[in-house]
Each structure stands twice: as C-alpha cells, then as structure tokens.
Amino acid sequence: MDSTTIKQLDQQFVIQSWSKQANRDAKVVTHSDGIYFWDQNNKKYFDMNAQLIYANLGHKHPRIMNALAKINQLEISAPGFASASKSKLAKKIVELAPANMAKVYFTTAGAESNEQAMKMAKAVTGGYKIFSRYRSYHGSTFGAGNLTGESRRLGSEPSPPGFVKFDMPYVYREYQQYTSEQELSAQYLTRLERQINCEGPETIAALVIETIPGSNGVLLPPDGYIKGIETLCRRYHIMMICDEVMSGFGRSGEWFACNHYDVEPDLITFAKGVTGGYLPLGGVILSEQVAKHFDTNHFSSGATYSGHPLVCEIGNAAIAAYEELDTINHVKRMEKVLGERLQRLLAYKYVGDVRIKGLFAAVELVKNKVTKEPIIDYGSDYGKDTQGYMGAFTKLLSEEGFSTFNHESNVLITPPLTITTAEIHEAMDLFEKALVAFEELYPE
Ligand code: PLP
76 MDSTTIKQLD QQFVIQSWSK QANRDAKVVT HSDGIYFWDQ NNKKYFDMNA
126 QLIYANLGHK HPRIMNALAK INQLEISAPG FASASKSKLA KKIVELAPAN
176 MAKVYFTTAG AESNEQAMKM AKAVTGGYKI FSRYRSYHGS TFGAGNLTGE
226 SRRLGSEPSP PGFVKFDMPY VYREYQQYTS EQELSAQYLT RLERQINCEG
276 PETIAALVIE TIPGSNGVLL PPDGYIKGIE TLCRRYHIMM ICDEVMSGFG
326 RSGEWFACNH YDVEPDLITF AKGVTGGYLP LGGVILSEQV AKHFDTNHFS
376 SGATYSGHPL VCEIGNAAIA AYEELDTINH VKRMEKVLGE RLQRLLAYKY
426 VGDVRIKGLF AAVELVKNKV TKEPIIDYGS DYGKDTQGYM GAFTKLLSEE
476 GFSTFNHESN VLITPPLTIT TAEIHEAMDL FEKALVAFEE LYPE
C-alpha cells in the first residue's frame with residue numbers, strides 16, 4: 076500500500092491518542108534501523124524518544140528480529156497453563172528487580188499493570204484509598220487515569236471514591252527556597268505525613284509514585300525523598316508502588332530506577348522496555364510479602380493475554396539483548412555524553428533547566444529565565460499549545476530530523492539505549508539548530 080493511501084485510511088478510520096481527529100497529519104514510518112526511522116517523504120529522523128520510550132533497543136535489533144521469526148514454533152496456551160517462555164521471563168525479572176521481589180503477574184500494558192497493582196494493594200492491606208501525585212502519568216484506563224495527576228486525567232474524571240492526590244517536590248522551581256535537597260524533601264514528606272494522618276492511615280492501601288516522573292519532565296527526586304516515601308509506607312503499613320513503566324529496563328542507568336534510591340517497594344509496575352517495544356507486554360512485580368498473601372488468599376484478577384507465551388519469548392530476547400550489550404554500563408557512559416551536551420543548552424535564551432538520569436532526559440523551556448515563567452502553565456489542556464510556542468519548537472525539531480514529544484513546557488530526550496557517542500552529538504547539533512531557529516522566531 077502506498078503512503079498516500081495509508082495516510083488517507085488512517086485519517087478516515089483510525090482514532091489517534093490524545094488529539095483532535097480532524098486534519099491531523101500522521102507520518103508513515105516506511106523503514107527504520109537502529110536509532111533512525113524514515114517517513115513517507117524518505118526524510119530521516121533521529122528517534123530521540125524511542126517512539127514512546129519503548130524502542131529501547133532501537134529499530135530492527137537482530138536478536139529481536141530473530142526471535143520474532145522463530146516464535147511461530149511456540150505453542151500458545153492460556154494463563155492457567157505454564158509455559159517455558161513465561162516461567163523463564165518471570166524468573167529473570169525477579170532476579171533483576173530489588174532483592175525483596177518474588178513473583179510477577181503479567182499484563183499487556185502499563186495502565187493495566189497499575190490497575191492490577193492497585194487491586195493487589197487493596198487486597199493485602201484492606202484499605203481502599205490510593206495516594207498518587209500531581210505531575211504524574213500512570214495511564215489512560217479509568218483507574219490509571221484517576222491515578223494520573225495532570226491534565227491527561229481529565230477524561231477519566233470524576234474519580235471513584237478513594238483517589239487522593241499529594242504534591243511532589245520540583246527541584247528547579249523550588250530549590251532556591253531551601254538550603255539543601257534534603258530540606259526540600261523533608262518539607263514535602265512532613266506535609267505528606269500530615270495528609271496520611273488526616274485521611275486515616277488504616278484506610279490507605281497504597282502510595283503510588285513514578286519513581287522518576289517521565290512524561291511530565293523527568294522530575295528527578297531530591298535527595299532523601301524516595302527513601303522518605305518508603306519510611307512513611309513502612310510506618311503506616313501502606314503499600315509502596317513504584318510505577319517503572321517508563322523508567323524500567325535500563326532507562327535510568329539501572330534495571331529499575333528505584334535501585335538508585337536504596338528502596339524495596341512492595342510492588343513495581345513495568346511495560347514498554349521489557350520487550351524493547353516489539354510486542355505489548357507489561358506486568359507487576361510482587362514483593363515476597365505480597366506474593367505470600369496470595370498463597371492463601373484468592374488472587375482475584377485475570378486476563379486472557381496474561382503471560383502470553385509468544386510475547387514472553389520476545390521479553391526474554393529483549394533482556395538477553397540488554398545483557399549482551401552491557402546496556403546498564405553503556406547507558407551510564409552515554410549519560411555523561413548527553414549530560415554535557417544538555418549543560419550547553421543552558422546558554423540558550425529559552426532553556427530554563429535540563430535534567431538527566433541515565434538516558435532519561437528533559438529540557439524545560441521558560442519564557443523568562445529569571446522568573447522561570449513556564450511556556451505553558453502546568454495543568455493546561457494537553458495538546459492545547461500545538462499552534463503556540465511549544466508546537467512551534469517541536470515542529471522545528473521535527474524539521475531538523477529530531478523526533479520527540481513535549482508535555483507542556485518539557486521536551487523529552489529519551490533515545491534508544493543503544494545510541495552511540497557520535498549519534499548523541501549529531502542529534503544534539505540538530506537540537507541546537509532548532510533552538511537557534513526558535514530564538515529567531517520569537518526574538519522577544
Ligand atoms: N505509567 C507510566 C509512567 C507511563 O509513562 C505510561 C505510558 O507512557 C503508563 C504508565 C501507561 O502505559 P500504557 O500506555 O502502556 O498503558
């Protein structure tokens with residue numbers, strides 16, 4: 076089928092996520108390789124957000140291509156059956172996770188993983204309230220949509236009873252008001268503890284955090300904050316759920332971002348990177364304590380495609396590829412290269428802040444570097460600015476061949492984890508060209 080027909084049928088028959096449907100202009104990926112893809116005009120792009128932060132092994136990774144070619148030899152079997160690929164993958168994920176983790180429940184996506192984690196926490200604790208944070212994204216199903224703490228939750232509201240939001244520290248916007256990151260963390264943790272007590276700790280099942288909030292701008296937690304969350308959870312017998320859908324599988328320079336902060340969550344949710352994005356797979360990793368609960372209590376959940384053997388096989392291939400490439404150490408090395416390039420951006424007029432952990436990075440644009448006035452106000456409708464400043468900037472990036480997305484004033488830089496030093500430099504040269512063009516477009 077030619078690209079014109081593909082685009083026309085897409086426009087006519089497909090509903091696309093998070094957008095008005097009339098007159099949208101979806102690109103067609105005609106071919107791809109490594110960190111690159113090409114559109115219908117044969118224009119080449121650096122895939123600097125790994126599609127949707129899932130193509131962590133890049134495009135057409137040989138090990139995955141090989142595994143995909145072979146999965147037709149496997150038997151399919153429903154969740155109640157054991158299969159080699161599912162058993163092997165669950166064991167491997169438990170080995171990569173923090174030491175207290177014991178079992179895996181497989182799902183098909185990130186949102187579904189969060190739905191299941193909430194149900195598990197309720198079953199174990201007997202509580203019904205779920206705390207989650209503003210400036211978080213946890214998915215767009217009804218429950219995960221109500222966990223979400225930014226404008227993308229609006230389509231799921233009004234929420235059912237029990238969803239409670241709390242605020243999180245934003246180091247760039249508040250740090251000057253505190254003498255240290257520890258002090259900033261302490262202030263927020265004190266407020267959170269007060270809120271837990273006001274709500275009644277015995278009513279609370281879980282506290283859900285994106286260990287490093289991703290699409291809201293890679294908001295790195297200040298020192299002591301994540302450990303402090305764990306302490307509160309232990310003190311009040313609340314389940315700590317780390318949403319690692321975006322940050323898991325090497326993105327932050329550890330297998331899971333919670334490994335940076337010396338914590339042992341009760342539940343970890345994952346998706347995206349587990350298959351390098353080649354097939355849909357997600358899941359919940361249960362701590363030994365949570366897993367034990369279900370030894371003698373009915374596990375009241377299920378899904379037709381939970382642990383689908385063909386999909387799990389691609390999960391095994393992806394993890395083997397991450398290990399073969401020594402991905403964790405490679406990401407740490409590339410963090411230095413990208414980090415230095417990001418620091419250079421601070422010389423540009425509209426760049427307020429840059430943040431990076433592993434190959435998980437964001438550039439925050441501001442109207443004014445002194446007042447830090449954001450280009451788009453927090454909480455404004457998602458996609459509202461497609462015709463404004465941020466829309467203009469991402470269009471300039473795209474014209475340069477730098478493919479990524481923004482959420483409000485933050486532009487994400489989250490390339491495939493296989494990216495090389497030379498590729499980072501080439502891509503960031505394009506980013507800087509777009510910044511120069513942006514300054515010319517908006518001289519005041
Ligand atoms: N949680 C986080 C942190 C995410 O970034 C996402 C998706 O971007 C989700 C959950 C939802 O995952 P999915 O789109 O697979 O449902």
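To convert, take the position in the sequence shown, counting from 1, and add 75; that gives our numbering. Virtual Cβ for every residue (Gly too), placed ideally from N, Cα, C. Keep in mind it's a predicted model, so treat the numbers as computed, not measured.
Expected contact under 8 Å - CB spacing of residue i and residue j to nearest Å
| i | j | result |
| --- | --- | --- |
| Arg-269 | Asp-242 | In fact, because the Cβ distance is near 12 Å, the residues do not count as touching under 8 Å. |
| Leu-259 | Gly-303 | That pair is no contact at about 11 Å. |
| Leu-413 | Ile-389 | Not really, about 28 Å apart at Cβ, beyond 8 Å. |
| Gly-466 | Tyr-120 | Between Tyr-120 and Gly-466 the Cβ distance is about 18 Å, and since that is not below 8 Å, they are no contact. |
| Ala-396 | Arg-228 | Rounded, the Cβ-Cβ distance is 35 Å, inconsistent with contact. |
| Tyr-247 | Gly-433 | Actually they do not touch by this definition, with Cβ atoms about 19 Å apart. |
| Ser-48 | Val-441 | Limits of the chain in this structure are 76 at one end and 519 at the other, which puts residue 48 out of reach. |
| Val-239 | Glu-274 | 6 Å |
| Ala-346 | Ser-188 | 6 Å |
| Ser-381 | Pro-154 | 4 Å |
Endpoints, the beta strand (DSSP E) within which residue i is located
| i | result |
| --- | --- |
| Leu-342 | 342–345 |
| Cys-40 | Here the chain covers residues 76 to 519 and nothing more, so residue 40 does not appear. |
| Met-534 | One cannot answer for residue 534 here, as it falls past the ends of the chain, which runs 76 to 519. |
| Leu-229 | Unbroken run through Leu-229: none, as it is neither H nor E. |
| Lys-367 | Taken as a continuous stretch (DSSP letters only), Lys-367 belongs to no beta strand (DSSP E), being part of the alpha helix (DSSP H) at 363–371. |
| Ala-436 | 435–443 |
| His-106 | 106–108 |
| Phe-504 | A small correction: the amino acid at residue 504 is Asp; Phe does not occupy that position in the sequence shown. Element bounds for Asp-504: not the beta strand (DSSP E) but the alpha helix (DSSP H), 496–516. |
| Asn-116 | Note, Asn-116: premise wrong, no beta strand (DSSP E); not H, not E. |
Extent of the continuous alpha helix (DSSP H) to which residue i belongs
| i | result |
| --- | --- |
| Gly-466 | 464–475 |
| Gly-377 | Looking at the DSSP string, Gly-377 is not in any alpha helix (DSSP H), and its letter there is neither H nor E. |
| Leu-417 | 402–420 |
| Phe-112 | Looking at the DSSP string, Phe-112 is not in any alpha helix (DSSP H); the run it does join, the beta strand (DSSP E), is 111–113. |
| Lys-302 | 300–310 |
| Arg-430 | Note, Arg-430: premise wrong, no alpha helix (DSSP H); beta strand (DSSP E) at 426–432. |
| Asp-85 | 78–88 |
| Val-386 | 384–399 |
| Arg-266 | 256–274 |
| Arg-248 | 246–249 |
| Gly-220 | 217–222 |
| Ser-162 | 159–171 |
Own chain residues within Cβ distance below 8 Å of residue i, not counting five before or after
| i | result |
| --- | --- |
| Leu-342 | Ala-192, Met-195, Ala-196, Ala-281, Met-314, Met-315, Ile-316, Cys-317, Val-359, Ile-360, Leu-361, Ser-362, Val-365 |
| Asn-124 | Ser-478, Thr-479, Phe-480, Leu-487, Ile-488, Thr-489, Pro-490 |
| Gln-418 | Val-429 |
| Pro-236 | Tyr-203 |
| His-134 | Ser-107, Asp-108, Gly-109, Ile-110, Tyr-111, Phe-112, Asp-122, Pro-491 |
| Pro-288 | Arg-208, Arg-210, Ser-211, Tyr-212, Met-243, Leu-294 |
| Ala-172 | Trp-330, Phe-331, Ile-343, Ile-360 |
| Thr-200 | Ile-279, Ala-280, Ala-281, His-312, Ile-313, Met-314 |
| Tyr-245 | Arg-210, Leu-294 |
| Gln-257 | Pro-297, Asp-298, Gly-299 |
Cβ shell of residue i (< 6 Å), same chain only, five flanking positions each side left out
| i | result |
| --- | --- |
| Leu-510 | Tyr-423 |
| Cys-387 | Ser-160, Lys-161, Leu-164 |
| Thr-402 | Gly-325, Leu-492 |
| Leu-356 | Val-349, Thr-350, Val-386, Gly-390 |
| His-335 | Glu-329 |
| Leu-267 | Phe-241 |
| Ile-524 | Residue coverage of the chain in this structure runs from 76 to 519, which leaves residue 524 outside it and unanswerable. |
| Phe-468 | Phe-513 |
| Tyr-253 | Leu-259 |
| Phe-506 | Phe-477 |
| Val-179 | Ala-165, Ile-168, Gly-358, Ile-360 |
Residues that DSSP places opposite residue i in a beta bridge
| i | result |
| --- | --- |
| Ile-284 | Cys-317 |
| Pro-449 | Val-441 |
| Arg-208 | Phe-241 |
| Ile-360 | Val-179, Ile-343 |
| Val-293 | Val-293 is not bridged to any residue. |
| Asn-481 | Val-486 |
| Asp-122 | Ser-478 |
| His-134 | Gly-109 |
| Ile-279 | Lys-204 |
Same chain, Cβ closer than 7 Å to residue i, five either side skipped, listed in chain order
| i | result |
| --- | --- |
| Val-103 | Ser-78, Ile-81, Lys-82, Asp-114, Gln-115 |
| Ile-451 | Asp-460, Met-465, Glu-483, Ser-484 |
| Gln-91 | Arg-99, Ala-101 |
| Ala-392 | Arg-138, Ile-139, Ala-142 |
| Glu-519 | none |
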